[in-house]
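Undergrad: Shown below is the structure under consideration.
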Amino acid sequence: MNRFQEHVEFVRRHSPYYRELYREVPSGCPEISRYPIVNQQTFWQANEDFGRGVLTADYKSGIVFKSGGTSGNPKYSFFTAREWDSFTAVSGWGFTHNGVKEGDRIANLFYAGELYASFIYVTDLVKSSDVGITFPISGQTPVETSVAMMKKLGINVLAGVPTTFMKIISYLQQHPELRPEIELILFGGEPFYEDQLRSIASTFPRARVHSILYASVDGGELGFFDAKSCENGEHRCFDQSTIMEIVEEDTLEVITEQNRPGKLLVTNLERRLMPLIRYPVGDVAMWTEPAGSPNRRFKLMGRSQEGARIGPATLYVQDVVAVIEHFHDQVSLLNFQLIITHHDKKDQALIRIVPETMPENKGELGEQMLAYLYQERSMLRDLVEQGLIHPLELQWCRPDELESNPRTGKTRRVLDRRLDG
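In this note's numbering, the protein residues as written are 19 to 439.
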């Protein structure tokens, strides 16, 4: 019996959720593709009441994190102490491949508190990797305090979410004399966009920028960035602890060939208390190496359905990115946010943009950007002309005017205000 068979047989014996999910699969079946893919909605419903329907044992010791959901129906992830140590140890092994070297001084600028995992996770994985020195500053620290500490402590590596880095860059534009000498920026939690990378290059010209790791508190370790072989957006599988699959989104056919996007699944062979077998991680990806390659490399293609419905149309985050990129020679982006409202019986979208430097012709430029968006997404223009949605609006903002998640520090990319009040 191979490792997967042993793991899945243990899980189906001890987890009520998986026992029911696998009732049509013969005992001892070695083919992972024969096992149904987890439905996230039913999985998290079964995990309510402190994991009663999913966990394989009574939960008496370990560590609990919140991994999303709403305030009224949060998602909790449960780890034993051994599982958490295993998670951070294998992540630490992956971390040693991303270009950090002995003696580097790493500022941990991820967010802590309210059951959020990233700050503790990064602290523990760097300790486990035994590479570099960690300075646990946290993302909640006021930016002026963080910058002063970086300068005083000789920080040369930053680790955090892009939103935090953009706040630091905005501050340093006003106080260039305080700029620390940064050589490496490690990001996670949300993607970087090209204009943001240009802003980093102008502020920290020596800095390389890439993913710290690909992981989530519910999915665990998903991929590591290998500085020798990965481009931005690419990661390698953790063969020692996971089975990663890419499946066609509609037919759920397993994809083995390169350069064909599909839905990414993870099976974690170390998580026995709260098992994850063929669990959809919520991202679209494609293989960029042949099947059978050790720690096979894949490329993330973004979150599926990352956008907002406006009347009968959808405005995607990528649509806004394309507009900003088209005007990059006139304005550099630090951040942006979509706000969807409803008034006078029609939907409206507001695009809030934080520029590196406020353009002098912001009114005229804003009109040009909206005109380009209408040109590229003619359905939106048609709906406005038909009176089915309000005209799109564009607003120039400061970094602190965008709403972020107070628990994670990530910018809330899409805010749907239609049900507020």
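Using N, Cα and C, we set each Cβ at its ideal position, and we do this for glycine too. None of these values were measured; they are calculated from a predicted model.
In angstroms with no decimal places, state the Cα-to-Cα distance between tyrosine 35 and valine 29.
TA: Distance between the alpha carbons of tyrosine 35 and valine 29 is about 9 Å.
Undergrad: If I measure Cβ to Cβ from leucine 420 and keep anything under 7 Å in the same chain, skipping five residues before and after, which residues do I get?
TA: Only Asn353, Gln355, Arg370, Val372 and Thr429 meet the Cβ criterion.
Undergrad: Give every residue of the same chain whose Cβ lies closer than 7 Å to the Cβ of histidine 25, excluding the five residues on either side of it in the sequence, and list them in chain order.
TA: Excluding sequence neighbours, histidine 25 sits near Leu287.
Undergrad: Out of curiosity, what's the CA-to-CA distance linking glutamine 336 and proline 48?
TA: Going from the Cα of glutamine 336 to the Cα of proline 48 covers about 40 Å.
Undergrad: Given a cut-off of 8 Å on the beta-carbon distance, is the pair threonine 106 and aspartate 148 in contact?
TA: It is not a contact, given that the beta carbons lie outside the stated cut-off.
Undergrad: Between the C-alpha atoms of aspartate 365 and arginine 224, what's the straight-line distance to the nearest angstrom?
TA: The straight-line gap from Cα to Cα measures roughly 45 Å.
Undergrad: Between valine 108 and the rest of its own chain, which residues show a CB-CB distance below 8 Å, the 5 nearest in sequence each way excluded?
TA: Once the five neighbours on either side are set aside, the close Cβ partners of valine 108 are Glu239, Phe256, Gln258, Ser259 and Glu288.
Undergrad: Would you decide whether aspartate 236 is buried or exposed? Buried here means 16 or more other CB atoms lie within 10 Å of its CB.
TA: Under this definition aspartate 236 is a buried residue.
Undergrad: Give me, in chain order, the residues of the same chain whose beta-carbon lies closer than 7 Å to that of valine 341; leave out the 5 immediate sequence neighbours on both sides.
TA: Cβ neighbours of valine 341 beyond the five flanking positions: Met387, Tyr390 and Leu391.
Undergrad: Are the beta-carbon atoms of glycine 251 and glutamate 266 separated by less than 8 Å?
TA: Contact: no.
Undergrad: Give the DSSP bridge partners of threonine 285, in chain order.
TA: Answer is Ile261, bridged to threonine 285.
Undergrad: Per DSSP, arginine 254 forms a beta bridge with which residues?
TA: Its beta-bridge partners are Phe242 and Arg315.
Undergrad: Do tyrosine 129 and arginine 425 have their beta-carbon atoms positioned less than 8 Å apart in this structure?
TA: Yes; because the gap between Cβ atoms is below 8 Å, this pair is in contact.
Undergrad: Which runs of the beta strand (DSSP E), 3 residues or longer, sit entirely within the segment 86-174?
TA: Counting only runs of 3 or more, we get 92-97, 123-126 and 151-153.
Undergrad: Using beta-carbon positions only, say whether threonine 359 and arginine 435 come within less than 8 Å of one another.
TA: Yes, the Cβ-Cβ distance between threonine 359 and arginine 435 is below 8 Å.
Undergrad: Tell me which residues share the same chain as glutamine 214 and place their Cβ nearer than 7 Å to its Cβ, disregarding the 5 neighbours each side in the sequence.
TA: Once the five neighbours on either side are set aside, the close Cβ partners of glutamine 214 are Pro180, Met184, Leu351 and Leu352.
Undergrad: Skipping 5 residues on each side, what residues in its chain have a beta carbon closer than 7 Å to that of valine 339?
TA: Contacts found: Tyr211.
Undergrad: Helix, strand or coil: how does DSSP classify isoleucine 328 here?
TA: In this structure, isoleucine 328 counts as strand in the three-state DSSP scheme.
Undergrad: For arginine 290 versus serine 247, is the C-beta distance shorter than 8 Å?
TA: No; because the gap between Cβ atoms is not below 8 Å, this pair is not in contact.
Undergrad: Expressed to the nearest angstrom, what Euclidean distance is found between the alpha-carbon atoms of threonine 319 and methionine 304?
TA: Here the sequence assigns methionine to residue 319, which means threonine is not the residue at that position. Each residue's Cα considered, the two are about 7 Å apart.
Undergrad: Would the beta-carbon of arginine 290 be found less than 7 Å away from any heavy atom of the ligand MN?
TA: The ligand MN is absent from the structure shown, which contains no ligands of any kind.
Undergrad: Are three or more beta carbon pairs between the segment 46-63 and the segment 294-304 nearer than 8 Å?
TA: Enough Cβ pairs lie closer than 8 Å, so yes.
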